[in-house]
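Visitor: This is the structure I have questions about; it appears just below.
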Amino acid sequence: MVDAFRIKKQHVPIIVTTALLALMFAAGSLRYTGFFSWQVLLNLLIDNAFLLIVATGMTFVILSGGIDLSVGSMIALTTMLSAALVEQAGWPPAVVIPLVLALGSVMGAGMGAIIHYFHIQPFIVTLAGMFLARGLCYVISIDTITIRHPFYVNMAQTRIPLPGGNFISVSVVIALIAVAAAIYLAHFTRFGRCVYAIGGNEYSALLMGLPVGRTKVLVYAFSGFCSALAGVVFTFYMLSGYGLHALGLELDTIAAVVIGGTLLTGGVGFVFGTFLGVMLQGIIQTIISFEGTLSSWWTKIVIGILLLLFILLQRLLSARGEARDA
Amino acid sequence: MERIRRHHLFWPLMVLAALLLFNLLYDPDFFRIQMRDGALYGSLIDILFFGSPLALVAIGMTLVIATRGIDLSVGSVVAISGAIACLTISKGADQNDPSLVLAAVGLALAASALLGLWNGFLVTRAGIQPIVATLILMVAGRGIAQLITSGQIITVISPNYEIIGGGALLALPVSVYIVALVFLLAVFLTRKTALGLFIESVGCNPTASRLAGIRSDTVRLFAYLFCGLCAGMAGLILSSNVSSADCNNAGLWYELDAILAVVIGGTSLNGGRFFLTGTLLGVLIIQTLTTTIYMTGVPPEITLVVKAVVVLAVCLVQSESFRRKLVHSLATARSQPVEREVTPRG
């Protein structure tokens, strides 16, 4: 009975993140007028919907013990391709959106296949994917392509009213559905358990007879799909396609996943933790913009410090009871 | 012939030769070198000149990768080092004062060394994986650089400072000499002293080398310190070349280019085996590629696509299982699975 209430080791980072989130929101509310409102919280979701979707995909990759550096470029490629096809080629969005989603999944699966079948580090393969996607943007066009198609404009401007005079955007709904689906996928399906097993120890997973190859390829395909979906949402947000969109987003994404309590060596973590990690990054940005005098670079420094704290915390937790290797 | 073909520098040299040959056919002027105002000018000199910051970073990165580590923070260190140097000089009464410039250079290098030590400390003492440990500084570094310059682009007017990145000595750019010095120092340290052996053994197996009596922590700490210093020097060259510190763009993508150069040079990302000459060749290949793309009039952004193809090709060639599969499918007409995985059905 007592065991049921004892805090489990793998829950500690997520509890810390929740506490920090509450603390930051409380501090913001005390310090700034107009901070304590539902809309500020909802704006966190609205402004970070795309980050939430990418981070969800990244969580699976990191859980499986890999890393995906190509996500930011995939978003840029998606915005660019959507913009070029919709605005310049005149294709209907109903064709373009499934097409870009499929492309993201295929590129992800391709990277996963190279990683698994040729035993090359995920880091370097996804790095090549990052160069490739960013470069392909410029092959399409070097300049920004503005999107004026009514569907995209509608998606950007639609406000879904909530009780109390608050509202959210369509992107938030998509992001929340993605997170819910990912939670189901991670914790209630065979695929999810297999991802955790591979992240824990790939060799053991193979010996247990788990489909390691298929799962790894699927994980990267899922991350590619999430990046493309985030790209679609980003297109709603920016209403343009540009090769420099989402520059450096892979770092924000990895930071969000780590702050959310996922172990970078794989095998331990929660999709919901990533959700909290994204919210925490969002709230830091909100506080810095409310402060006014603080400049935007403080965001990077604060996120760097948080990253350090969480990595040290993880290290501390995993070092306990386990002999330190050289 | 077989021995030459098997030499680790064979393929990088072939690629470089092919690139140069393409340039020769495309535009014979590529190889023309002119003498103007006591300095040499020409595309080949440009390649050496523009490649020098990357070469410095890549030399440092080689040692880190040899210890089975990686340093993602070099781009940020480049930005910080340039920011510190330019800030120090801009604060002085006489920006051209040689002692002020020396102090600025010293401060910037000290800061870079400190940042390298910080990375090494996280990796060795805190026991964090290198990719994660250096990610922290990669994220926070650009913020720190902007904090130093208050988000502005600091411009300095200091001919003495400009010498580092823009001056010429005996007809060659000063930065090329800096690279040569650092390269010779690195080669001397790793090939003429036991340090190289230590680095390789730590990269092969940290635990075994610790048990064999090698201070693996100290060796790794040194590698990160050296890498930080190299990145700091690259930052000085870059900022001195344009006489300003631009925290957003200085050293952007340098970590990736440096890793690419190291990998092209034949150093395995798994550590344990490293080739400094190969790295230098890798840098020359990347820089020649960039110059070639500029010359042919293709939009320079396409370089990224080419780089992606090069990274993948090099990695695939290095991959044991890819070579085995390739040889296998070439040897036998019918394809057979080389390794079968245990995949249960249902």
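Protein chains in written order, with the numbering used here: chain A, 1338 to 1663; chain B, 788 to 1133.
By construction, the Cβ of each residue, glycine as well, lies at the ideal position given by its N, Cα and C atoms.
How would you label A/Trp1375, buried or exposed, when you count the other beta carbons within 10 angstroms and need 16 or more for buried?
Guide: exposed
Visitor: Identify every run of the alpha helix (DSSP H) within the region 1356-1388 of chain A, keeping only runs that are complete inside it and at least 4 residues long; order them along the chain.
Guide: none
Visitor: How would you list, in chain order, the residues of chain B whose beta-carbon sits under 7 angstroms from the beta-carbon of A/Ser1632?
Guide: Gly938
Visitor: Within 10 angstroms of the Cβ of A/Gln1494, are there 16 or more other Cβ atoms? Answer buried if so, exposed if not.
Guide: exposed
Visitor: For a contact defined as C-beta to C-beta under 9 angstroms, what are the partners of B/Met801 on chain A?
Guide: By Cβ distance, chain A contributes nothing, its closest Cβ being about 21 angstroms from B/Met801, past 9 angstroms.
Visitor: Using a 10 Å radius around the Cβ and a threshold of 16 neighbouring Cβ atoms, would you call B/Thr980 buried or exposed?
Guide: exposed
Visitor: Strictly under 9 angstroms for the Cβ-Cβ distance: is A/Tyr1475 near chain B by that measure?
Guide: Using beta-carbon distances, A/Tyr1475 counts as an interface residue toward chain B, with a partner under 9 angstroms.
Visitor: Hey, could you find the ends of the beta strand (DSSP E) B/Gln821 is sitting in?
Guide: Gln821 to Arg823
Visitor: Hey, A/Ile1640 and A/Ser1577: beta-carbon distance below 9 angstroms or not?
Guide: no
Visitor: Which residues in chain A sit within 7 angstroms of B/Pro917, going by Cβ to Cβ distance?
Guide: Chain A residues near B/Pro917: none, gap ~11 angstroms exceeds 7 angstroms.
Visitor: Just to make sure I have the definition right: I need the residues of chain B whose C-beta is within less than 8 angstroms of the C-beta of A/His1486. Which are they?
Guide: Simply none; closest approach about 25 angstroms.
Visitor: For A/Ser1577, name the three-state secondary structure that DSSP assigns.
Guide: strand
Visitor: Hey, is A/Gln1458's beta-carbon within less than 9 angstroms of any beta-carbon in chain B?
Guide: With a threshold of 9 angstroms between beta carbons, A/Gln1458 makes contact with chain B.
Visitor: Okay, do the region 1607-1621 of chain A and the region 1349-1366 of chain A touch, 3+ Cβ pairs below 8 angstroms being the bar?
Guide: Taking one beta carbon from each stretch, the region 1607-1621 of chain A and the region 1349-1366 of chain A have 3 or more pairs nearer than 8 angstroms; the two touch.
Visitor: Report yes or no: do three or more beta-carbon pairs, one from the region 1078-1097 of chain B and one from the region 1467-1480 of chain A, lie closer than 8 angstroms?
Guide: yes
Visitor: Cβ closer than 8 angstroms: which chain A residues qualify as neighbours of B/Glu987?
Guide: Simply none; closest approach about 16 angstroms.
Visitor: Tell me, which residues are paired with B/Leu941 by DSSP?
Guide: In the sequence on display, residue 941 of chain B carries Ile and not Leu. B/Ile941 is bridged to B/Ala1032.
Visitor: So B/Ala932 and B/Ala890 are in contact, right, with Cβ under 8 angstroms, and what is the actual spacing, rounded?
Guide: That pair is no contact at about 19 angstroms.
Visitor: In this structure, does DSSP put B/Arg912 in helix, strand or coil?
Guide: B/Arg912: coil per DSSP, three-state reduction.
Visitor: If contact means a Cβ-Cβ distance below 9 angstroms, which residues of the region 918-934 of chain B contact chain A?
Guide: Ile918, Val919, Ala920, Leu922, Ile923, Leu924, Met925, Val926, Ala927, Gly928, Arg929, Gly930, Ile931, Ala932, Gln933 and Leu934
Visitor: Find the residues of chain A that neighbour B/Phe732, judging by a C-beta separation of less than 9 angstroms, and give them in chain order.
Guide: Outside the shown range of chain B (788 to 1133) lies residue 732 of chain B, about which nothing can therefore be said.
Visitor: Please list the terminal residues of the continuous beta strand (DSSP E) segment that includes A/Leu1499.
Guide: Run containing A/Leu1499: Arg1496 to Leu1499, per the beta strand (DSSP E) assignment.
Visitor: Let me know the alpha helix (DSSP H) ranges lying completely inside the region 1515-1598 of chain A, each 4 residues or longer, listed in chain order.
Guide: 1527-1537, 1539-1544, 1549-1575 and 1586-1596
Visitor: Does any residue of chain C have a CB that is nearer than 9 angstroms to the CB of B/Lys979?
Guide: No chain C is part of this structure, whose protein chains are labelled A and B.
Visitor: Distance, Cα to Cα, B/Leu1099 vs A/Phe1504?
Guide: 46 angstroms
Visitor: Buried or exposed: A/His1453, going by 16 or more other Cβ atoms within 10 Å of its Cβ?
Guide: buried
Visitor: Just tell me which of B/Gly838, B/Gln916 and B/Ile965 has its CA closest to the CA of B/Ala1077.
Guide: Note that residue 1077 of chain B corresponds to Thr in the displayed sequence, not to Ala. In terms of CA proximity to B/Thr1077, B/Gly838 leads the group B/Gly838, B/Gln916 and B/Ile965.
Visitor: Starting from A/Ile1404, trace the alpha helix (DSSP H) in both directions and tell me its first and last residue.
Guide: First-last for A/Ile1404: undefined, no H or E at that position.
Visitor: If you run the structure through DSSP and keep just helix, strand and coil, what is B/Ile857?
Guide: coil
Visitor: Looking at chain A, which residues of the region 1013-1034 of chain B have a Cβ within less than 7 angstroms of any of its Cβ atoms?
Guide: none
Visitor: Can you tell me whether B/Gln1123 is buried or exposed? The criterion is at least 16 other CB atoms within 10 Å of its CB, across all chains shown.
Guide: Note that B/Gln1123 scores 48 on pLDDT, short of 50, meaning its location in the model is unreliable; the coordinates nonetheless yield the value given after this. Under this definition B/Gln1123 is an exposed residue.
Visitor: Starting from the C-beta of B/Leu1056, find all residues in its chain whose C-beta is less than 7 angstroms away, skip the five residues before and the five after it, and write them out in chain order.
Guide: Cβ neighbours of B/Leu1056 beyond the five flanking positions: Ile852 and Val1050.
Visitor: If we call anything under 9 angstroms between Cβ atoms a contact, is B/Thr1155 one with B/Phe1061?
Guide: Summary: the structure shown does not reach residue 1155 of chain B, with chain B confined to residues 788 through 1133, and so no result is reported for it.
Visitor: Buried or exposed: B/Glu1042, going by 16 or more other Cβ atoms within 10 Å of its Cβ?
Guide: buried
Visitor: Out of curiosity, what's the CA-to-CA distance linking B/Leu827 and B/Leu1113?
Guide: If I take the Cα positions, the gap works out to 46 angstroms.
Visitor: Comparing the C-beta of A/Lys1346 with each C-beta of chain B, is any distance below 9 angstroms?
Guide: no
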